[in-house]
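In our numbering, the protein residues as written are 1 to 511.
Here a beta-carbon is modelled for each residue, glycine too, at the ideal position from N, C-alpha and C.
Predicted model, so just to flag it, every value in this text is computed and none were measured.
The structure under discussion appears below in the form of structure tokens.
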């Protein structure tokens, strides 16, 4: 049975499936109050469930829609290519790969600055700006006339989209406790799988506009999807909540309750975490100096290198099996739908079992089987088996990365360090997209030795790194278990413990 026994021993279980002992919390507030816990309302499990559902319906749908559009807009290059883009723009295989690659460099570089902005501007305003900007760029991609125009559009798209995913994950972590986060993240992250399926269906429909206004069908793919993104962005300030304090649809008592339970979500009954801190340079330094965060990058590459390569190549792989372009677009739908179901299923299990590492290792193991199968079978023989082995890839790589992002968010405090740490992990992880964009070589079709081989290596590295990180978190928790609360409080003040964040002896890591 997979459970975090060290954490379970100490933790206040602020989860909707367990009663909330408000009397105990009020005693703790009286003992440790630093100005945040006043007049806490008495909520049982049913009331806690009601409050969480209220948040779910307000926060998750807009994030899911935005993430669907983000993934759709950065992945529609593959759909446009199948629809004739390379032919019309006279692109060589190298030029197409480079256009795909250049998106990821600014996409990675601008993620940390973007999350720093989150501690300065309201998240809804910052996300609105990003969405409108990248939608406009996608529209412009639909009117480029040569390779250089496409390249410029992809670079600016990377700049505009860079901030959204780290901002969305940070925003979710600002509303929910540690073992409530991943299930919620999976709802909007599964939109990536939905986008993969939806893009094939949408591209198939839009291709039928070929010739309207003397524009090719692939141009309409960019133009229509870009316009939808811009219109959605205009509505974001009115529907996306920033924080509990600014939510008009929460009562004052509910706001205090949400903030207090987040402050107590440290992994021990005695510990607290700061949730209303402001950006300071020391948090940037603390994130950069944390070796465990750098190890998450290797785990992240198990997703970004294979998945971005796969997303822009999957329609071509299917087309090479003997299908038409339209059929290839449609046949991507079941593959991505399998990834959607697995993302939600694995994430629910990870929160239910109160653990993270197994739900990275198992999915990556499944994707590893898929890549091994594609590498081993003779091509172009057995087209049905080739298509079947595409399913383990989406079933594995999508849930693994959302578990990793939740793991990172679970184990960083205070919120300023969490914002930077999340962005840093995602930034370095997304550099893998630049690699992934170049591993499926046209001259190797339909075998794609390099693409499948590199993906196998990335999956294996991610699994090994997960075991190392699990060991590190377990070891640190055991060391902290040796100290009593009395010993800790004799050495540190409450303010010092809050400032230490996840380095506090009263904090326990999730693994």
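Do residue j and residue i have their beta-carbon atoms positioned less than 8 Å apart in this structure?
{"i": "residue 542", "j": "residue 174", "result": "What is shown of the chain runs 1 to 511, which leaves residue 542 out entirely."}
{"i": "residue 393", "j": "residue 306", "result": "yes"}
{"i": "residue 219", "j": "residue 312", "result": "no"}
{"i": "residue 438", "j": "residue 101", "result": "yes"}
{"i": "residue 511", "j": "residue 470", "result": "yes"}
{"i": "residue 182", "j": "residue 350", "result": "yes"}
{"i": "residue 515", "j": "residue 423", "result": "Because the chain is modelled from 1 through 511, residue 515 falls outside the range shown and cannot be assessed."}
{"i": "residue 286", "j": "residue 417", "result": "yes"}
{"i": "residue 138", "j": "residue 229", "result": "yes"}
{"i": "residue 121", "j": "residue 232", "result": "no"}
{"i": "residue 293", "j": "residue 384", "result": "no"}
{"i": "residue 152", "j": "residue 106", "result": "no"}
{"i": "residue 203", "j": "residue 210", "result": "no"}
{"i": "residue 315", "j": "residue 379", "result": "no"}
{"i": "residue 330", "j": "residue 433", "result": "no"}
{"i": "residue 346", "j": "residue 459", "result": "no"}
{"i": "residue 473", "j": "residue 507", "result": "no"}
{"i": "residue 222", "j": "residue 80", "result": "yes"}
{"i": "residue 443", "j": "residue 326", "result": "no"}
{"i": "residue 264", "j": "residue 60", "result": "no"}
{"i": "residue 89", "j": "residue 150", "result": "yes"}
{"i": "residue 133", "j": "residue 160", "result": "yes"}
{"i": "residue 95", "j": "residue 147", "result": "yes"}
Exposed or buried, which one is residue i when buried takes at least 16 other CB atoms within 10 Å?
{"i": "residue 467", "result": "exposed"}
{"i": "residue 35", "result": "With a pLDDT of only 36 at residue 35, under 50, the local geometry of the prediction cannot be trusted, and the value read off the model is given with reservation. Result: exposed."}
{"i": "residue 78", "result": "buried"}
{"i": "residue 271", "result": "With a pLDDT of only 48 at residue 271, under the threshold of 50, the placement of this residue in the model should not be trusted; the figure read from the coordinates follows. The residue is buried, with at least 16 neighbouring Cβ atoms inside 10 Å."}
{"i": "residue 249", "result": "exposed"}
{"i": "residue 239", "result": "exposed"}
{"i": "residue 39", "result": "Low confidence applies to residue 39: its pLDDT is 49, below 50, so where it sits in the model is not reliable, and the reading given next is rough at best. It counts as exposed."}
{"i": "residue 130", "result": "buried"}
{"i": "residue 214", "result": "exposed"}
{"i": "residue 319", "result": "buried"}
{"i": "residue 376", "result": "exposed"}
{"i": "residue 73", "result": "buried"}
{"i": "residue 236", "result": "buried"}
{"i": "residue 475", "result": "exposed"}
{"i": "residue 31", "result": "Here residue 31 scores only 36 on pLDDT, less than 50, and its place in the model should not be relied on; the value that follows carries that caveat. Residue 31 is exposed by the Cβ-count criterion."}
{"i": "residue 99", "result": "buried"}
{"i": "residue 356", "result": "buried"}
{"i": "residue 44", "result": "exposed"}
{"i": "residue 267", "result": "Because the pLDDT of residue 267 is 49, which lies under 50, any placement of that residue in the model is unreliable, and the question is left without a value."}
{"i": "residue 246", "result": "exposed"}
{"i": "residue 261", "result": "buried"}
{"i": "residue 141", "result": "buried"}
{"i": "residue 57", "result": "exposed"}
{"i": "residue 241", "result": "buried"}
{"i": "residue 332", "result": "buried"}
{"i": "residue 254", "result": "buried"}
{"i": "residue 166", "result": "buried"}
{"i": "residue 85", "result": "buried"}
{"i": "residue 53", "result": "exposed"}
{"i": "residue 24", "result": "Residue placement at residue 24 is poorly supported in this model, since its pLDDT is 39, which falls under 50; the coordinates still yield a value, given next. Exposed is the call here."}
{"i": "residue 169", "result": "buried"}
{"i": "residue 495", "result": "exposed"}
{"i": "residue 178", "result": "buried"}
{"i": "residue 324", "result": "exposed"}
Below 8 Å on the Cβ atoms is my guess for residue i versus residue j; work out the distance and round it to an integer in Å.
{"i": "residue 136", "j": "residue 226", "result": "7 Å"}
{"i": "residue 386", "j": "residue 321", "result": "6 Å"}
{"i": "residue 82", "j": "residue 328", "result": "6 Å"}
{"i": "residue 343", "j": "residue 186", "result": "5 Å"}
{"i": "residue 297", "j": "residue 425", "result": "6 Å"}
{"i": "residue 430", "j": "residue 110", "result": "The pair is not a contact, with the Cβ atoms about 10 Å apart (cut-off 8 Å)."}
{"i": "residue 413", "j": "residue 339", "result": "Incorrect: roughly 31 Å between the Cβ atoms, too far for contact."}
{"i": "residue 397", "j": "residue 300", "result": "About 11 Å; that fails the 8 Å criterion."}
{"i": "residue 456", "j": "residue 365", "result": "That belief does not hold up - the Cβ atoms of residue 456 and residue 365 are roughly 12 Å apart, past 8 Å."}
{"i": "residue 123", "j": "residue 171", "result": "5 Å"}
{"i": "residue 257", "j": "residue 51", "result": "7 Å"}
{"i": "residue 359", "j": "residue 399", "result": "7 Å"}
{"i": "residue 538", "j": "residue 436", "result": "The structure shown does not extend to residue 538, since the chain spans only 1 to 511, so no value can be given for it."}
- Message: Threshold first: 4 residues or longer. Then list the alpha helix (DSSP H) segments lying entirely within the stretch 322-387, N to C.
- Response: Listed in chain order, the alpha helix (DSSP H) runs fully inside the stretch 322-387 are 325-352, 358-376, counting runs of at least 4 residues.
- Message: Give the list of continuous alpha helix (DSSP H) stretches no shorter than 4 residues that lie fully inside the stretch 95-160.
- Response: 104-109, 111-118, 123-141
- Query: Fully enclosed by the stretch 162-188, which beta strand (DSSP E) runs are 3 residues long or longer?
  - Reply: none
- Query: In chain order, which alpha helix (DSSP H) runs of at least 4 residues are fully inside the stretch 275-321?
  - Reply: 281-288, 291-319
- Item | Start-end ranges of the beta strand (DSSP E) lying completely within the stretch 204-228, minimum 3 residues | none
- Message: Restricting to runs no shorter than 4 residues, where is the alpha helix (DSSP H) found entirely within the stretch 41-98?
- Response: 45-82, 85-89
- Go through the stretch 438-504 residue by residue and report every complete run of the alpha helix (DSSP H) that reaches 4 residues or more, in order. 449-481, 485-491, 494-500
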